[in-house]
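J.: Sharing a structure, written as structure tokens. Questions coming.
Protein chains in written order, with the numbering used here: chain A, 56 to 311; chain B, 3 to 300.
Right under this line is the structure:
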């Protein structure tokens, strides 16, 4: 089964510096956490076929980040994917989600996958809309929030993890599936796998290569979150003294 | 702006009413149409299974032609429908918005981004699809006359629901709790969680937990699970004990008034997201807290 995995080369929000401004340009990229589960599932499901990592570079500056995104994709390859596609195009930086979905779907068509896997949401923007958008673009069914997946005879059976219940659903392939972190335990690549990944192909594409037209419609400006936490840390003293201090603070706040 | 509300509830209808145009509610039965009478200008009844995102999306696309905004709840199916609809309408999709207004013919909204370190001010020209973060829009939709109409549809779904299993549900209502004592991997065995239950009892709160406790170890049922895949909570006090503070967990506790954390690792990310942090072995400090608090509370 040929699998395409949507791997978001996301901002590593743990390293994002937020003071007066939000420094996205200096923030390194990493594989969006939940996409690791999608990669793991792809490796399990692909059998004798190939599994591809597909990403659209969303954060600039383009030249610097494109190289970084390539390195991030090498990690996905080290986990067992066979080939990577990176769409790096000035017009896609901070562009609309619609354009991103079109670019992703175009790559999926190019590689000819039977199934598209993705994480339920990405760590930087957390909108969780891409799997459904890509499915709509491809005209395939979408199965979201999947925590268990089985494919047999061209049918896909999945357990969807919804708010108050779990739904077991069935669709015909091809399909787009978004997974939750519960679906598996992503592997940590061995040194050997990391070395092997250096030899696997990372293909760079532009919108022109894919024949995709985009018209940006969204604008976003970032500012530090106003409700910053107080970050008072009690480090010194005996456990007794620390407990006393914590209770004191919480009383002052009027929450206990 | 004219708004179409899908899976309508009072909060969504109120949010839609603030946009200043006609409000229509897309519902899936006559009974649901009855429920929106008096609070939406139109009730559009589409006879599709609300559990099937692709069928619902089909109905929304059909009904949305004369509306500039589609509003949905920030639920998992709400977001799935939103994504499908947005791509088909060629629309932007703003998820989990905290605020919403119309300015110069453009929809402006705010949402948390980057592991909740920042707020993004986003704007998009209509058509726009929006999901609304729960609890952000407090108000009553104005009273209006409601016209009930049917949406004629021939839709099949590509998805078949084979079975549905209810998640175990007890007396825990974390969404409504004022105080939550939450437990994480810092607890070494299941029996030790008793300490947290005792502390919660003394404080008059409920017990929550991080992902591994519910999903991997299954020490607590999922109804206790706080986070991106679990519940979003907004207590006045969230006390995180032995929780490292993954972004997915933080996403669930953002709206807490005060966050306090106990962890023996001073570099645990939870401290960056807490008002008060205590670097200490939970096994030492929790019994002391129980003791002190039970004394003063009598």
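Heads up, the beta-carbon is just placed ideally off N, CA and C, and yes, glycines get one too.
On a predicted model such as this, the values are computed, not experimentally measured, just so you know.
What are the boundary residues of the beta strand (DSSP E) that residue 227 of chain A is part of?
T.: Residue 227 of chain A -> beta strand (DSSP E) spans 220-227.
J.: Looking only at its own chain, which residues have a Cβ that is under 6 Å from the Cβ of residue 91 of chain B, when we skip the five neighbours before and after it?
T.: Only 129 meet the Cβ criterion.
J.: Can you tell me whether DSSP reads residue 175 of chain A as helix, strand or coil?
T.: Residue 175 of chain A falls in the coil class under three-state DSSP.
J.: Determine, for residue 165 of chain B, whether the minimum Cβ-Cβ distance to residues of chain A falls below 7 Å.
T.: Chain A, which has a Cβ nearer than 7 Å to the Cβ of residue 165 of chain B, makes this yes.
J.: Suppose the cutoff is 6 Å on Cβ atoms and the five residues either side in sequence are ignored; what does the same chain contact list for residue 55 of chain B look like?
T.: The answer, listed in chain order, is 79, 82 and 83.
J.: Who are the near neighbours of residue 66 of chain A in its chain, counting only those whose CB is closer than 7 Å to its CB and skipping five residues on each side?
T.: If we look at residue 66 of chain A and ignore the five residues flanking it on each side, its Cβ neighbours are 79, 82, 84, 114 and 179.
J.: How is the alpha helix (DSSP H) around residue 84 of chain A delimited, first residue to last?
T.: No alpha helix (DSSP H) holds residue 84 of chain A; the beta strand (DSSP E) holding it covers 84-86.
J.: Can you list, in chain order, the residues of its chain whose CB lies under 6 Å from that of residue 155 of chain A, leaving out five sequence neighbours each side?
T.: Cβ neighbours of residue 155 of chain A beyond the five flanking positions: 111.
J.: Here's a check: name, in chain order, each residue in its chain whose Cβ is nearer than 8 Å to the Cβ of residue 57 of chain B, leaving out the five neighbours to either side.
T.: For residue 57 of chain B, where only same-chain residues beyond five positions count, the Cβ hits under 8 Å are 50, 51, 157, 158 and 159.
J.: Where in the segment 157-197 of chain B do unbroken runs of the beta strand (DSSP E), each at least 3 residues long, occur, reported from the N-terminal end onward?
T.: Runs of the beta strand (DSSP E) inside the segment 157-197 of chain B: 162-168 and 181-185.
J.: So if I threshold CB-CB distances at 8 Å, which residues from the segment 150-180 of chain A count as touching chain B?
T.: Cβ contacts with chain B: 151, 152, 153, 156, 175, 176, 178, 179 and 180.
J.: At which residues does the alpha helix (DSSP H) containing residue 155 of chain A begin and terminate?
T.: Element bounds for residue 155 of chain A: 152-166.
J.: Using 7 Å as the threshold, is the C-beta distance between residue 109 of chain A and residue 162 of chain A below it?
T.: Going by C-beta atoms, residue 109 of chain A is nearer than 7 Å to residue 162 of chain A.
J.: List the endpoints of the continuous beta strand (DSSP E) containing residue 20 of chain B.
T.: Segment: none, residue 20 of chain B is in no beta strand (DSSP E) and carries neither H nor E.
J.: Which first and last residues belong to the alpha helix (DSSP H) in which residue 134 of chain B is found?
T.: Unbroken run through residue 134 of chain B is the beta strand (DSSP E), 130-134; no alpha helix (DSSP H).
J.: Looking at the C-beta of residue 258 of chain B, does it have a partner C-beta in chain A at a distance below 7 Å?
T.: Residue 258 of chain B does not count as touching chain A.
J.: Given a cut-off of 7 Å on the beta-carbon distance, is the pair residue 71 of chain B and residue 5 of chain B in contact?
T.: Yes, the Cβ-Cβ distance between residue 71 of chain B and residue 5 of chain B is below 7 Å.
J.: Measuring alpha carbon to alpha carbon, tell me which of A/121, A/97, A/304 and A/263 ends up nearest residue 242 of chain A.
T.: Measuring from the Cα of residue 242 of chain A, the nearest candidate turns out to be A/97.
J.: Can you name the residues of chain B whose CB is closer than 8 Å to the CB of residue 69 of chain A?
T.: The contacting residues are 117, 249 and 271.
J.: Is it right to say residue 292 of chain A is buried, meaning 16 or more other beta carbons lie within 10 angstroms of its own, or is it exposed?
T.: The residue is exposed, with fewer than 16 neighbouring Cβ atoms inside 10 Å.
J.: Going straight from the alpha carbon of residue 20 of chain B to that of residue 124 of chain B, what length do you get?
T.: Roughly 18 Å separates the two Cα atoms.
J.: Along the chain, where does the alpha helix (DSSP H) that runs through residue 81 of chain B open and close?
T.: Where residue 81 of chain B is concerned, the enclosing alpha helix (DSSP H) stretches over 78-91.
J.: On a Cα-Cα basis, can you pick out the residue from A/94, A/105 and A/145 that is closest to residue 119 of chain A?
T.: When only C-alpha atoms are compared, the closest one is A/145.
J.: Rounded to whole angstroms, what's the CA-CA distance from residue 2 of chain B to residue 167 of chain B? Just pull it up for me.
T.: Nothing about residue 2 of chain B can be reported from this structure: the residues present for chain B run from 3 to 300 only.
J.: Specify, as a first and last residue, the run of the beta strand (DSSP E) that residue 304 of chain A falls within.
T.: Taken as a continuous stretch (DSSP letters only), residue 304 of chain A belongs to no beta strand (DSSP E), being part of the alpha helix (DSSP H) at 294-307.
J.: If you run the structure through DSSP and keep just helix, strand and coil, what is residue 169 of chain A?
T.: Correct three-state label for residue 169 of chain A: coil.
J.: Apart from the five residues on each side of it in sequence, which residues of its chain come closer than 6 Å, Cβ to Cβ, to residue 47 of chain B?
T.: If we look at residue 47 of chain B and ignore the five residues flanking it on each side, its Cβ neighbours are 29, 35 and 152.
J.: So, helix, strand or coil for residue 101 of chain B, using DSSP?
T.: Residue state, collapsed to three classes: strand.
J.: Report all residues from its chain with a CB closer than 6 Å to the CB of residue 242 of chain B; omit the five preceding and five following residues, and keep chain order.
T.: If we look at residue 242 of chain B and ignore the five residues flanking it on each side, its Cβ neighbours are 184, 263 and 272.
J.: Apply the 10 Å Cβ neighbour rule to residue 185 of chain A and answer buried if 16 or more other Cβ atoms are within range, or exposed otherwise.
T.: Buried, because 16 or more other Cβ atoms sit within 10 Å of the Cβ of residue 185 of chain A.
J.: Against chain A, does residue 277 of chain B count as a neighbour if the rule is that its beta carbon must be under 7 Å from one of theirs?
T.: So yes, residue 277 of chain B belongs to the interface.
J.: In this structure, does DSSP put residue 311 of chain A in helix, strand or coil?
T.: It is coil, neither helix nor strand.
J.: Cβ of residue 231 of chain B less than 7 Å from any chain A Cβ?
T.: It does: the Cβ of residue 231 of chain B has a partner Cβ on chain A nearer than 7 Å.
J.: Smallest Cα separation from residue 211 of chain B: which of B/180, B/172, B/254 and B/203?
T.: Considering only alpha carbons, the answer is B/254.
J.: Under 7 Å, do residue 93 of chain A and residue 234 of chain A count as touching if we go by C-beta distance?
T.: Yes. Within cutoff.
J.: Quick one: what's residue 258 of chain A bridged to in DSSP?
T.: A/140, per the DSSP bridge assignment.
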